[in-house]
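Asks:
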Amino acid sequence: MRLTHLGHACLLVEIGGERILLDPGSFTPGFEGLRDLSAVVVTHQHADHLDQQRLPILLHHNPDARVLADPGSAQVISGLGLDAEVRSGTTRVGAVTLTPVGETHALIHDEIPRIPNVGVVLRAVGEASLYHPGDSLDGDPGDVDVVAFPLSAPWQASREMTGFLRRLNPSQAVPIHDALLSAEGRRLYLSQADSLGGADTVIHDLAARGAVELAPQ
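Residue numbers (the UniProt record's numbering): 1 to 217.
(1) Would you say Leu50 and Gly25 are within 8 Å of each other, going by their C-beta atoms?
(2) Looking at C-beta atoms only, is the number of pairs between the stretch 90 to 106 and the stretch 5 to 16 that lie closer than 8 Å three or more?
(3) So Val93 and Ile20 are supposed to be a Cβ contact under 8 Å. How far apart are they, rounded?
(4) Since Asp145 and Ala128 are thought to touch, with beta carbons under 8 Å apart, how far apart are those beta carbons, to the nearest angstrom?
(5) I need the straight-line Cα distance from Gly197 to Gly126, nearest angstrom please.
(6) Take the Cβ of His60 as the centre, count every other Cβ of all protein chains shown within 10 Å, and call the residue buried at 16 or more, exposed below.
(7) Within the continuous alpha helix (DSSP H) that includes Glu160, where are the two ends?
(8) Spell out the partners DSSP gives Gly7 in its beta bridges.
(9) If distances are taken between C-alpha atoms only, which option among Val86, Asp178, Ser195, Asp36 comes closest to Arg166?
(10) Per DSSP, what are the beta-bridge partners of Ile203 in this structure?
(11) Based on the DSSP output, what are the partners of Phe149 in its beta bridges?
(12) Are the beta-carbon atoms belonging to Ala69 and Ile57 less than 8 Å from one another?
(13) DSSP state of Ala208, grouped into three classes?
(14) In the DSSP assignment, what residue or residues form a beta bridge with Val41?
(15) Kindly indicate the opening and closing residues of the alpha helix (DSSP H) around Arg35.
(16) Is Pro150 buried or exposed, if buried means 16 or more other CB atoms sit within 10 Å of its CB?
Below, the structure written as structure tokens:
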């Protein structure tokens, strides 16, 4: 599996001969320039995961890409005049299986209504598997090789981030959801993830590194 962290929560996953884009949001620069995508996956409708202005541009240049979304995002995307499939069960994109995980966004505040949030596990035979949780830490992805974990969010304390890593304890983890952090803050959260997270977890910081090959461990 080749993984590119394009910024914030957006990942380009090259797996099983497919190119799958996860959570193209407003904090991620340049994703609309991608080509030859097999699918676009959206975990929830918040703008930092679903950019309504640039998604139509992306799909115009990737007319064969399937759009797979949670129920709330599917309604938003339909309102843009675009087709979206609701991820209600395991889906196949070529040789890749996409399994939904969870149903609801983490609580931000009691006065802010909670919305659907459906994470995703990507698997292909002989390659590393990946879990992207969207904005929720309570999902159970099962046994996966790589976990994308939010570094910082209005709905998350650092102890919850490290607790998430401890609970899943994957062999590898990749930080995402980091656009609100300064450089100093990012280093602090990464240090906490490394020292207080999963006992068996190796953290790969992919920011600004381009495509990186990750193998099962």
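Glycine included, each C-beta is placed from N, C-alpha and C at the ideal position.
Replies: Walking through what the data contain:
(1) Yes, the pair counts as a contact, with Cβ atoms nearer than the cut-off.
(2) yes
(3) The C-beta distance from Val93 to Ile20 rounds to 6 Å, short enough to meet the 8 Å contact threshold.
(4) 4 Å
(5) So the two alpha carbons sit approximately 27 Å from each other.
(6) exposed
(7) 158 to 168
(8) Cys10
(9) Proximity to Arg166 across Val86, Asp178, Ser195, Asp36 peaks at Ser195, based on C-alpha coordinates.
(10) Ala173
(11) Pro175
(12) no
(13) coil
(14) Leu22, Leu68
(15) Looking at the DSSP string, Arg35 is not in any alpha helix (DSSP H), and its letter there is neither H nor E.
(16) With 16 or more Cβ atoms within 10 Å of its Cβ, Pro150 is classed as buried.
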